[in-house]
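Novice:
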Amino acid sequence: EDQVTQSPEALRLQEGESSSLNCSYTVSGLRGLFWYRQDPGKGPEFLFTLYSAGEEKEKERLKATLTKKESFLHITAPKPEDSATYLCAVRGNSGYSTLTFGKGTMLLVSP
Amino acid sequence: EAGVTQFPSHSVIEKGQTVTLRCDPISGHDNLYWYRRVMGKEIKFLLHFVKESKQDESGMPNNRFLAERTGGTYSTLKVQPAELEDSGVYFCASSQSVATNEKLFFGSGTQLSVL
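Quick mapping for you: the protein sequence lines, in order, are chains A and B.
Under my numbering, the first residue of the first sequence carries the number 2, and numbering increases by one thereafter.
Under my numbering, the first residue of the second sequence carries the number 2, and numbering increases by one thereafter.
Right under this line is the structure:
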């Protein structure tokens with residue numbers, strides 16, 4: 002069974018204070034690791050897909066990296082508008098349709 | 002471009018009643034998914050439609066849940082009769098085609114409270 006564990010559960014940063022969120026996973030045949038952002042009262046919003054170890058993707062202040070066991074979402078010089086819950090999910094060979102999500106990391110960036 | 006639309010945004014019902022949730026995917030998206038988040042838990046897969054056919058319904062909790070997608074457009078998820086443990090946020094998502102099904106577009110969800 003695919004599993005995703007995210008840490009920390011919550012993170013409070015000052016504006017400009019860089020940090021990283023962790024996503025550890027176990028999956029039978031990784032077909033994709035996904036990062037989503039979720040704002041209160043909204044559905045998850047797609048950020049990145051990573052497919053193989055060593056891959057990196059960037060979008061504005063966010064950079065996602067992938068190893069064989071975990072993924073990191075690096076946030077450089079965050080701003081208050083980066084405050085949200087960040088979700089990690091995997092798709093493996095066992096479920097063609099299924100995304101297995103972690104519980105998420107709630108990020109609060111204070112001005 | 003309109004996003005995925007879900008209705009209602011909130012529903013409060015009593016145990017034993019019936020509730021029907023509706024999802025309108027992005028126009029032209031063949032793939033439609035239902036997910037659910039129970040309080041304190043992670044978002045979990047319920048089922049996947051490709052057009053009007055159920056591709057995978059392995060996540061459906063039990064036979065009190067019935068999903069339909071007549072005509073391959075909008076979908077409904079009916080819970081009958083509702084139980085307390087059915088409370089949670091039900092998300093619908095869609096994607097353009099099987100080949101590009103990685104990027105899912107989610108709706109804002111329906112918050113279901115069963116009292």
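Ideal Cβ positions, reconstructed from N, Cα and C, are used throughout, including at glycine.
As the structure is a prediction and not an experimental result, all values here were calculated from the model.
Just to confirm, are residue 10 (chain A) and residue 110 (chain A) a CB contact at a threshold of 7 angstroms?
Specialist: Taking 7 angstroms as the Cβ cut-off, residue 10 (chain A) and residue 110 (chain A) do not qualify as a contacting pair.
Novice: Taking any Cβ of chain B, which residues in the segment 32 to 50 of chain A have a Cβ under 9 angstroms from it, in chain order?
Specialist: 32, 33, 35, 37, 39, 42, 43, 44, 45, 46, 47 and 50
Novice: Could you check whether the Cβ of residue 99 (chain A) sits closer than 7 angstroms to any Cβ belonging to chain B?
Specialist: yes
Novice: Which of the three DSSP states is assigned to residue 77 (chain A) in this structure?
Specialist: coil
Novice: DSSP beta-bridge partners for residue 116 (chain B)?
Specialist: According to DSSP, which records beta bridges pairwise, residue 116 (chain B) is partnered with nothing at all.
Novice: Does the beta-carbon of residue 26 (chain A) have 16 or more other beta-carbons within 10 angstroms, so that it is buried, or is it exposed?
Specialist: buried
Novice: Residue 13 (chain B) and residue 114 (chain B) look like a contact to me (Cβ under 8 angstroms); what is the Cβ gap, rounded to whole Å?
Specialist: 5 angstroms
Novice: What three-state label does DSSP hand residue 86 (chain B) in the structure shown?
Specialist: helix
Novice: Hey, is residue 111 (chain A) close to the ligand GDP, as in C-beta under 6 angstroms from one of its heavy atoms?
Specialist: The ligand GDP is absent from the structure shown, which contains no ligands of any kind.
Novice: Quick check on the DSSP output: the beta strand (DSSP E) that includes residue 49 (chain B) runs from which residue to which?
Specialist: 44 to 51
Novice: Assuming contact is defined by CB atoms lying nearer than 7 angstroms, are residue 51 (chain B) and residue 27 (chain B) in contact in what I supplied?
Specialist: In this structure, residue 27 (chain B) does not lie closer than 7 angstroms to residue 51 (chain B) by Cβ.
Novice: Can you find a CB in chain A that lies within less than 7 angstroms of the CB of residue 92 (chain B)?
Specialist: Yes - at least one Cβ of chain A is within 7 angstroms of the one on residue 92 (chain B).
Novice: If I'm right that residue 108 (chain B) touches residue 44 (chain A) with Cβ under 8 angstroms, what's the distance once you round it to whole angstroms?
Specialist: 5 angstroms
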